[in-house]
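Encoded as structure tokens, the structure appears first; notes follow it.
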Amino acid sequence: MTSATPVSAPAETTAPPAPERHVGAAPAPAGRGSARRRELGACGVLMTPFFVLMVTVFLIPVATAVRLSFFSDDQPGLGFGPERTVFAGLRNYTAVVTDPTFLGGLGIVALYCLIYIPLMVAGALALALLLDSGVVRLRGTAQLFLPHAVPGIIAALIWLYLYTPGISPVIEVLGKADITVDFLGVHTVLPSIVNIALWSNLGYNMVVFYAALQAVPREVIEASVVDGAGPVRTALQVKAPLVRSSIVMVAMFTLIFALQLFTEPMLLSQSTPMINSRFSPSMYIYDAAFTRNNYGLAAAASVVLLLCTVALSYGVTRWTNRAAAAEEGAR
Numbered sequence: 001m002t003s004a005t006p007v008s009a010p011a012e013t014t015a016p017p018a019p020e021r022h023v024g025a026a027p028a029p030a031g032r033g034s035a036r037r038r039e040l041g042a043c044g045v046l047m048t049p050f051f052v053l054m055v056t057v058f059l060i061p062v063a064t065a066v067r068l069s070f071f072s073d074d075q076p077g078l079g080f081g082p083e084r085t086v087f088a089g090l091r092n093y094t095a096v097v098t099d100p101t102f103l104g105g106l107g108i109v110a111l112y113c114l115i116y117i118p119l120m121v122a123g124a125l126a127l128a129l130l131l132d133s134g135v136v137r138l139r140g141t142a143q144l145f146l147p148h149a150v151p152g153i154i155a156a157l158i159w160l161y162l163y164t165p166g167i168s169p170v171i172e173v174l175g176k177a178d179i180t181v182d183f184l185g186v187h188t189v190l191p192s193i194v195n196i197a198l199w200s201n202l203g204y205n206m207v208v209f210y211a212a213l214q215a216v217p218r219e220v221i222e223a224s225v226v227d228g229a230g231p232v233r234t235a236l237q238v239k240a241p242l243v244r245s246s247i248v249m250v251a252m253f254t255l256i257f258a259l260q261l262f263t264e265p266m267l268l269s270q271s272t273p274m275i276n277s278r279f280s281p282s283m284y285i286y287d288a289a290f291t292r293n294n295y296g297l298a299a300a301a302s303v304v305l306l307l308c309t310v311a312l313s314y315g316v317t318r319w320t321n322r323a324a325a326a327e328e329g330a331r
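The sequence shown begins at 1 in the numbering used here and counts up by one.
Set out below in structure tokens:
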């Protein structure tokens with residue numbers, strides 16, 4: 001009797017904790033699962049406008065262009081019958097890639113990119129470094145004013161006025177100094193277009209770089225100054241490497257927009273014979289669609305330009321990633 005009591009007492013005291021541990025541990029996975037579902041639902045709500053816009057303004061137009069590129073409008077007989085849309089296969093693509101004017105436009109755009117992109121990136125970064133250094137006064141005013149000072153089409157009209165002989169005060173002043181410059185000549189028309197594009201887009205990219213420079217830790221800059229680095233060395237060897245990702249992003253977007261060169265040469269074409277209606281691929285597409293009414297050819301040229309843009313963007317991304325990986329490996 002006396003020995004049974006101590007044996008049963010521990011059994012009664014140790015039995016309840018086991019179910020308590022199981023009961024307390026069961027709700028944890030369910031709670032994590034519900035939190036995960038709420039996060040996914042919130043992400044879905046926030047990303048829905050992006051996907052709707054992407055489908056509406058990108059995927060649907062691309063699909064429409066691809067579909068149109070395989071068709072063409074033909075007239076039976078001697079051309080007096082009604083037009084009918086027929087399946088053309090790759091005929092439009094063959095016409096585009098064998099057209100000397102389209103290939104010439106690609107060459108012009110390639111040369112334009114070689115001149116424009118380095119000047120754009122270097123100029124915007126230099127302005128951002130000047131603003132960040134504190135040397136320039138009224139930084140807030142410059143930051144707000146420069147990106148919106150000269151819109152693209154307004155800049156093109158202003159420079160068209162300054163490029164046109166007979167009404168340009170710049171050409172008049174240079175003429176008094178016995179300096180003759182034809183800004184719309186065969187060798188100067190492309191640099192003139194680059195100048196207009198720089199005035200139009202330099203400020204926006206400067207703001208991107210300036211915002212990236214604001215995120216650079218001030219301790220790093222102070223340490224470089226303590227080590228004896230001057231303003232120029234600090235800007236080029238400390239600040240610029242820390243905003244490498246922003247430089248790559250600006251170069252990428254500048255390349256994409258440069259391949260779509262249209263506004264500047266279209267406006268200048270009214271004042272110089274050096275710019276024809278098919279000066280750039282975008283102008284070629286415009287001419288094919290709205291002058292020659294050949295929508296199949298225009299769609300095929302659009303698809304070819306899109307493929308060139310995607311290929312170049314992918315190449316730049318891979319090259320920058322490999323360069324960054326090699327630099328990290330060297331460290």
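Ideal Cβ positions, reconstructed from N, Cα and C, are used throughout, including at glycine.
Own chain residues within Cβ distance below 7 Å of A124, not counting five before or after:
Answer for A124: L202, N205, M206, F209, V250, listed in chain order.
Contacts around F70, its chain only, beta-carbon distance under 7 Å, and the 5 residues preceding and following it disregarded
Non-local C-beta neighbours of F70 in its own chain, meaning closer than 7 Å and more than five positions away in sequence, comprise F87, A88, G89, ordered along the chain.
Environment of T317 [buried if 16+ CB atoms lie within 10 Å]:
By the beta-carbon neighbour count (other beta carbons within 10 angstroms, threshold 16), T317 is exposed.
Which residues bound the alpha helix (DSSP H) around V225?
V225: member of the alpha helix (DSSP H) spanning 218 to 226, first to last residue.
Backbone secondary structure at S168 - three-state DSSP
Residue state, collapsed to three classes: coil.
6 Å Cβ shell around L305 - same chain, five flanking residues per side excluded
Once the five neighbours on either side are set aside, the close Cβ partners of L305 are P281.
When you compare each of A326, G296, V55, T56 to R84 by their alpha carbons, which one comes out closest?
By alpha-carbon distance to R84, the top candidate from A326, G296, V55, T56 is G296.
Identify the residues that DSSP records as bridge partners of T234: which are they?
Partner(s): none; T234 has no beta bridge.
L184, buried or exposed, once every other Cβ within 10 Å from all chains shown has been counted against 16:
Classified as buried, L184 has 16 or more neighbouring CB atoms from the shown chains inside 10 Å of its CB.
Helix, strand or coil at R38 according to DSSP, with G and I counted as helix
In the three-state reduction of the DSSP assignment, R38 falls in the helix class, which pools H, G and I.
For the 8 Å Cβ check, are there 3 or more pairs between the stretch 114 to 129 and the stretch 164 to 181?
The stretch 164 to 181 and the stretch 114 to 129 do not touch, with fewer than three beta-carbon pairs separated by less than 8 Å.
Between the Cα of S245 and the Cα atoms of A288, R38, A215, E264, which residue gives the shortest distance?
Of the listed residues, the one whose Cα sits closest to S245 is A215.
Report yes or no: do the stretch 265 to 285 and the stretch 30 to 42 share at least 3 C-beta pairs separated by less than 8 Å?
Per the Cβ contact rule, the stretch 265 to 285 is not in contact with the stretch 30 to 42 (fewer than 3 Cβ pairs under 8 Å).
Taking only the alpha-carbon atoms, compute the straight-line gap between A332 and N92 and give it to the nearest angstrom.
This structure does not reach residue 332, given that the chain is present from 1 up to 331, and the question cannot be answered.
Between T94, L46, S271, V57, which lies nearest to L160 when the distance is taken from Cα to Cα?
Of all alpha-carbon atoms in T94, L46, S271, V57, the one lying nearest the alpha-carbon of L160 is that of S271.
Would you call the stretch 260 to 270 and the stretch 180 to 197 touching, i.e. three or more CB-CB distances under 8 Å?
The stretch 260 to 270, when compared against the stretch 180 to 197, does touch it at the 8 Å Cβ threshold.
Which residues share a DSSP beta bridge with R84?
Answer by DSSP bridge pairing, in chain order: D74.
Give me, in chain order, the residues of the same chain whose beta-carbon lies closer than 8 Å to that of Y116; leave out the 5 immediate sequence neighbours on both sides.
Cβ neighbours of Y116 within its own chain (closer than 8 Å, five residues either side excluded): V194, A197, L198, T254, A258.
Just to confirm my understanding: we take L242, look at its own chain, exclude 5 residues before and 5 after, and list those with CB closer than 6 Å. What are they?
Closer than 6 Å at Cβ, skipping near neighbours: V216.
Secondary structure of A26, DSSP reduced to three states:
Residue placement at A26 is flagged as unreliable, the pLDDT there being 48, under the threshold of 50; the coordinate-derived value follows with that caveat. In the displayed model, A26 falls within coil according to three-state DSSP, outside both helix and strand.
Short check: CB of S133 to CB of A229, under 8 Å?
Contact flag unset, no.
Consult DSSP for S271 and reduce its assignment to one of helix, strand or coil.
Under the three-state reduction of DSSP output, S271 falls in the coil class, being neither helix nor strand.
For the alpha helix (DSSP H) containing D287, name the first residue and the last one.
Run containing D287: 281 to 290, per the alpha helix (DSSP H) assignment.
What is the DSSP secondary structure of S133, counted as helix, strand or coil?
Here S133 sits in helix by DSSP.
Would you mind stating whether A122 and T263 have Cβ atoms separated by less than 8 Å?
Taking 8 Å as the cut-off, the beta carbon of A122 is found no closer than this to the beta carbon of T263.
My output table needs one value for S245: the three-state DSSP class, helix, strand or coil.
For S245, the secondary structure class from DSSP, reduced to helix, strand or coil, is helix.
Under a three-way DSSP split, which group does A215 fall into?
In this structure, A215 counts as coil in the three-state DSSP scheme.
Taking buried to mean at least 16 other C-beta atoms within 10 Å of its own C-beta, is I221 buried or exposed?
I221 comes out buried.
Three-state secondary structure (DSSP) of V181:
DSSP places V181 in coil when its eight states are reduced to three.
Option nearest I275 by Cα separation, candidates T188, A288, E328, A299
When C-alpha distances from I275 are compared across T188, A288, E328, A299, the shortest belongs to T188.
Using DSSP with H/G/I as helix, E/B as strand and the rest coil, what is A325?
Looking at A325 - three-state DSSP - the assignment turns out to be helix.
In the DSSP assignment, find the unbroken alpha helix (DSSP H) run with A229 in it and report its ends.
For A229, no alpha helix (DSSP H) encloses it, and the DSSP letter there is neither H nor E.
Could you check where the alpha helix (DSSP H) with L160 kicks off and where it finishes?
Counted as a single uninterrupted DSSP element, the alpha helix (DSSP H) harbouring L160 occupies residues 152 to 163.
S302, buried or exposed, once every other Cβ within 10 Å from all chains shown has been counted against 16:
Buried, since its Cβ has 16 or more Cβ neighbours within 10 Å.
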